[in-house]
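Asks: Just so it is clear: in the sequence shown, position 331 is 331 by the UniProt record's numbering, and no numbers are missing. One structure follows; several queries about it will come next.
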Amino acid sequence: MAVIGVEFFDKMEEIIAADEGRIVVEERNTGSSRSIECSLPKLLHLKLRNLSELKSICSGLRKIPDTFHHVYWITVSQNVSIYELQNLIAKCLPLYLSNEGSEIQRAQELSEALGTKRQYFLILDDLWGTYDLEKVGIPIQEKGCKLILTTRSLKVCRGMGCLHKIKVEPLNWDEAWTLFMRKLEHDVELSPEVEQIAKSVTKECAGLPLAIITMAGSMRGVDGLHAWRNILGKLKESKAKMKCSGISRDDLIGYLIDEGMIDGFKSRQAEFDEGHMMLDELENVCLLESFDDDNGCRGVRMHDLIRDMAHQIQLMNLPIMVGEELLDVDNWKEDLVRVSWTSDSFFKQLNRLKILNLSNTNIEVLPDSVSDLMGLSALLLKGCKQLRHVPSLKKLRLLKRLDLSDAGLEHLPQGMEYLSNLRYLKLNGCRQKEFPAGILPKLSSLQVFVLDDWVNGQYAPVTVKGKEVACLRKLETLECHFELFSDLVGYLKSRDETLSLNTYRFLVGQ
Numbered sequence: 001m002a003v004i005g006v007e008f009f010d011k012m013e014e015i016i017a018a019d020e021g022r023i024v025v026e027e028r029n030t031g032s033s034r035s036i037e038c039s040l041p042k043l044l045h046l047k048l049r050n051l052s053e054l055k056s057i058c059s060g061l062r063k064i065p066d067t068f069h070h071v072y073w074i075t076v077s078q079n080v081s082i083y084e085l086q087n088l089i090a091k092c093l094p095l096y097l098s099n100e101g102s103e104i105q106r107a108q109e110l111s112e113a114l115g116t117k118r119q120y121f122l123i124l125d126d127l128w129g130t131y132d133l134e135k136v137g138i139p140i141q142e143k144g145c146k147l148i149l150t151t152r153s154l155k156v157c158r159g160m161g162c163l164h165k166i167k168v169e170p171l172n173w174d175e176a177w178t179l180f181m182r183k184l185e186h187d188v189e190l191s192p193e194v195e196q197i198a199k200s201v202t203k204e205c206a207g208l209p210l211a212i213i214t215m216a217g218s219m220r221g222v223d224g225l226h227a228w229r230n231i232l233g234k235l236k237e238s239k240a241k242m243k244c245s246g247i248s249r250d251d252l253i254g255y256l257i258d259e260g261m262i263d264g265f266k267s268r269q270a271e272f273d274e275g276h277m278m279l280d281e282l283e284n285v286c287l288l289e290s291f292d293d294d295n296g297c298r299g300v301r302m303h304d305l306i307r308d309m310a311h312q313i314q315l316m317n318l319p320i321m322v323g324e325e326l327l328d329v330d331n332w333k334e335d336l337v338r339v340s341w342t343s344d345s346f347f348k349q350l351n352r353l354k355i356l357n358l359s360n361t362n363i364e365v366l367p368d369s370v371s372d373l374m375g376l377s378a379l380l381l382k383g384c385k386q387l388r389h390v391p392s393l394k395k396l397r398l399l400k401r402l403d404l405s406d407a408g409l410e411h412l413p414q415g416m417e418y419l420s421n422l423r424y425l426k427l428n429g430c431r432q433k434e435f436p437a438g439i440l441p442k443l444s445s446l447q448v449f450v451l452d453d454w455v456n457g458q459y460a461p462v463t464v465k466g467k468e469v470a471c472l473r474k475l476e477t478l479e480c481h482f483e484l485f486s487d488l489v490g491y492l493k494s495r496d497e498t499l500s501l502n503t504y505r506f507l508v509g510q
């Protein structure tokens, strides 16, 4: 039995005739037909580009002599057990399966029943998980029989051992417009002005059938030009707000680590490996899409519609308010979703905050209340060129990532020696010639240490002692400046030789 995986869509043709090696399809909208010279294996491998076309082909297969005498379509969906799947297949055959029998007994009965069928075509539609075909009762060695799976996940295709994996692409313009007009069900011809706007609405749906069907259904029976202009304006406004330029994979994985969603690994490299697997999984189910930026770095982004959905979920779970009289609760509205408020003690209200990212902003002062964020795991102030002071970090014992690179600080924050859980440290020397002694040996969990020689575009080298760096036994990435060659030698001699750096850059001398 050949197993073919398909990942969804919708097309506008149906099979109207077929014989050995040839099928004839008709376009539903115009009635025009075309003939395709196609052997059955080629048909199965190349033609199954969308769900609607698959259904049409299944219907047409019955018309091809000596091919398939039985075509079974089973919609599986989510959280279906082997027992339930056996019932679905048995109902389709039809076959009576005893509810008292074990899964093994039922699988044997099902396998025997399918084995008596002369060449059958079995489609398992909307598969969310993998199944052992033998345990279900689908005979995988049966010659002349085909199994097709449709799924949202490439992982399911791989887990089911599909011989051919066919990814379905968005509809092209002609297909999208035809689908929109078909679902609009407009009896009267659209005016030129409305038709032009309707085409713009269709383009905003980006070839996604669900979006096209939803939009067309919402505008069914609407003739007014103002209504069409209004819906197009809302679509464009929503799209502009939700425009997602993307984020590098490394940055996103860094945030996942900061949030604690990736934890319990011995090395940062292992954490990143786990993060890349998570992102690959999201790409496989089309919740994320990959891209390469101008520098050739890999990134991910959401489709606008997925991002809009995520944003709506976020709004429901993150009530926020804007205003000055926030303490007057009587003025708060029932439909309040956001609050924004700045005061010297503002951060004292955020004792559950995990990530504070103010990177590349023009912030000049960081409130002293930051020192009270005892649950903070990441403090990111990269590129804050106007920032001159960071309050004491002594209480931030859970801090794991501190990025002060390219910030305009006049001196290093106090209390850094207490950050025993710190794993990631990037900073410059704040125009000091030597990194303060005694701090690095206290940062025993450090995996990444980058000490930059530049402050606001000016070369301001800061050196570090080799023996102090050698105390950092878990280092995987190291960039620093040794004043003397003896410091480099001292580091190389003192560090644990059983451990190796993944990335390093040393400078020696002035």
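In this text, a Cβ means the ideal position worked out from N, Cα and C, and glycines have one as well. The structure displayed is predicted, hence computed values, not measured ones.
1. Mapping the DSSP letters down to three states, classify W177 as helix, strand or coil.
2. Classify S33 as helix, strand or coil using the three-state DSSP reduction.
3. What would DSSP say about G299, mapped onto helix, strand or coil?
4. Can you name, in chain order, every residue of its own chain whose Cβ lies under 8 angstroms from the Cβ of D292, other than the five neighbours on each side?
5. How would you write the range of the alpha helix (DSSP H) that E84 sits in, first residue to last?
6. Can you tell me where the alpha helix (DSSP H) with F485 in it begins and where it stops?
7. Could you spell out the range, first to last residue, of the alpha helix (DSSP H) harbouring L210?
8. What would DSSP say about D250, mapped onto helix, strand or coil?
9. Hey, L235 and V285: beta-carbon distance below 8 angstroms or not?
10. Using only alpha-carbon positions, find the residue among E468, T477 and N502 that is nearest to V489.
11. In this structure, does DSSP put E325 in helix, strand or coil?
12. Should P209 be labelled buried (16 or more other beta-carbon atoms within 10 Å of its own) or exposed?
13. For Y418, which residues in the same chain have their Cβ closer than 6 angstroms to its Cβ, ignoring the five residues on either side in sequence?
14. So, is T463 buried or exposed, given that buried needs 16 or more other C-beta atoms within 10 angstroms?
15. Can you name the residues that DSSP bridges to I363?
16. Kindly indicate the opening and closing residues of the beta strand (DSSP E) around A378.
17. Considering only C-alpha positions, which residue in the set V168, T214, L190 and A460 is nearest to L225?
18. What does a CB cutoff of less than 8 angstroms around F180 pick up in its chain, not counting 5 residues either side in sequence?
19. Going along the chain, which residues of its own chain have a beta-carbon closer than 7 angstroms to the beta-carbon of K106, five neighbours each way excluded?
20. Counting only the same chain and skipping the five closest in sequence on each side, list residues whose C-beta sits under 7 angstroms from that of F347.
21. So, helix, strand or coil for K167, using DSSP?
22. Taking the straight line between their C-alpha atoms, what separation do you get for D126 and I89?
23. Output the distance between the C-alpha atoms of L484 and Y491, rounded to the nearest integer angstrom.
24. Flag this pair as touching only if the region 403–422 and the region 380–395 have three or more C-beta atom pairs under 8 angstroms; answer yes or no.
25. Beta-carbon within less than 8 angstroms of E364's beta-carbon, same chain only, minus the 5 sequence neighbours each way: which residues are those?
26. With a threshold of 6 angstroms on Cβ separation, who are the neighbours of N357 within its own chain once the five nearest residues in sequence on each side are excluded?
27. Please specify which runs of the alpha helix (DSSP H), each continuous and at least 4 residues long, are wholly inside the region 178–203, giving them in chain order.
28. Work out the CA separation of A176 and L40 for me, nearest whole Å.
Replies: Let's see:
1. Taking the first residue of the sequence shown as 1, we reach residue 177 at position 177. In this structure, DSSP gives W177 a helical state, which the three-state scheme calls helix.
2. Along the sequence shown, one-based indexing puts residue 33 at 33. Low confidence applies to S33: its pLDDT is 42, below 50, so where it sits in the model is not reliable enough to give any reading.
3. In the sequence shown, the residue the question calls residue 299 occupies position 299. Strand, per DSSP.
4. The residue given as residue 292 occupies position 292 in the sequence shown. Within the same chain, D292 has close Cβ partners R298 and G299.
5. The sequence position of residue 84 within the sequence shown is 84, counting from 1. Run containing E84: I82 to C92, per the alpha helix (DSSP H) assignment.
6. What you label residue 485 is simply residue 485 of the sequence shown in a count that begins at 1. It spans F485 to S494 - the alpha helix (DSSP H) in which F485 sits, taken as one unbroken run.
7. As a first step, residue 210 is located in the sequence shown; it is residue number 210 there, counting from the start. For L210, the enclosing alpha helix (DSSP H) stretches over residues P209 to S218.
8. The residue labelled residue 250 in the question sits at position 250 within the sequence shown. The answer is helix: DSSP assigns D250 an H, G or I state.
9. Counting from one through the sequence shown, the residue named residue 235 turns up at place 235. Counting from one through the sequence shown, the residue named residue 285 turns up at place 285. No, Cβ-Cβ distance for L235 and V285 is not below 8 angstroms.
10. Here residue 489 corresponds to residue number 489 of the sequence shown, with the count starting at 1. Proximity to V489 across E468, T477 and N502 peaks at E468, based on C-alpha coordinates.
11. Reading the sequence shown from its first residue, position 325 is the one you call residue 325. Residue placement at E325 is poorly supported in this model, since its pLDDT is 47, which falls under 50; the coordinates still yield a value, given next. Under the three-state reduction of DSSP output, E325 falls in the coil class, being neither helix nor strand.
12. As a working mapping, residue 209 is identified with position 209 in the sequence shown. Result: buried.
13. Residue mapping note: residue 418 aligns to position 418 of the sequence shown, counting from 1. Excluding its 5 nearest sequence neighbours in each direction, Y418 has C-beta neighbours in its own chain below 6 angstroms: K394, listed in chain order.
14. Here the question's residue 463 lines up with position 463 in the sequence shown. Looking at its Cβ environment, which holds 16 or more other Cβ atoms inside 10 Å, T463 is buried.
15. Within the sequence shown, residue 363 is the residue found at index 363, counting from 1. Beta-bridge pairing links I363 to no other residue.
16. As a first step, residue 378 is located in the sequence shown; it is residue number 378 there, counting from the start. Per DSSP, the continuous beta strand (DSSP E) segment holding A378 begins and ends at A378 to L380.
17. Locating residue 225 in the sequence shown gives position 225, counting from the first residue. Here the closest residue by C-alpha is L190.
18. Walking along the sequence shown from the start, residue 180 turns up at place 180. Within the same chain, F180 has close Cβ partners A198, V201, T202, C205, I212, M215 and A216.
19. One-based indexing of the sequence shown puts residue 106 at position 106. Position check: residue 106 holds Arg in this sequence, whereas Lys was assumed. So the list reads Q86, L97 and G137, once near-sequence residues are dropped.
20. The sequence position of residue 347 within the sequence shown is 347, counting from 1. Residues of the same chain with a CB within less than 7 angstroms of the CB of F347, apart from the 5 flanking positions on each side, are P367, S369, V370, D372 and L373 in chain order.
21. The residue given as residue 167 occupies position 167 in the sequence shown. Residue state for K167 is assigned as strand, using DSSP reduced to three classes.
22. For this step, residue 126 is matched to residue 126 along the sequence shown. For this step, residue 89 is matched to residue 89 along the sequence shown. For D126 and I89, the distance between alpha carbons rounds to 14 angstroms.
23. As a working note, residue 484 is residue 484 in the sequence shown. As a working note, residue 491 is residue 491 in the sequence shown. Using only the alpha carbons, I get a separation of about 11 angstroms.
24. A contact exists between the region 403–422 and the region 380–395.
25. Residue mapping note: residue 364 aligns to position 364 of the sequence shown, counting from 1. For E364, where only same-chain residues beyond five positions count, the Cβ hits under 8 angstroms are Q386, L387 and R388.
26. Here residue 357 refers to the residue found at position 357 of the sequence shown. The residues are L380.
27. If we require 4 residues or more, the region 178–203 turns out to have no alpha helix (DSSP H) run fully inside it.
28. Working through the sequence shown from its first residue, we reach residue 40 at position 40. Working through the sequence shown from its first residue, we reach residue 176 at position 176. Confidence at L40 is low in this model, with a pLDDT of 41, below 50, so the placement of that residue is unreliable and no value is reported for it.
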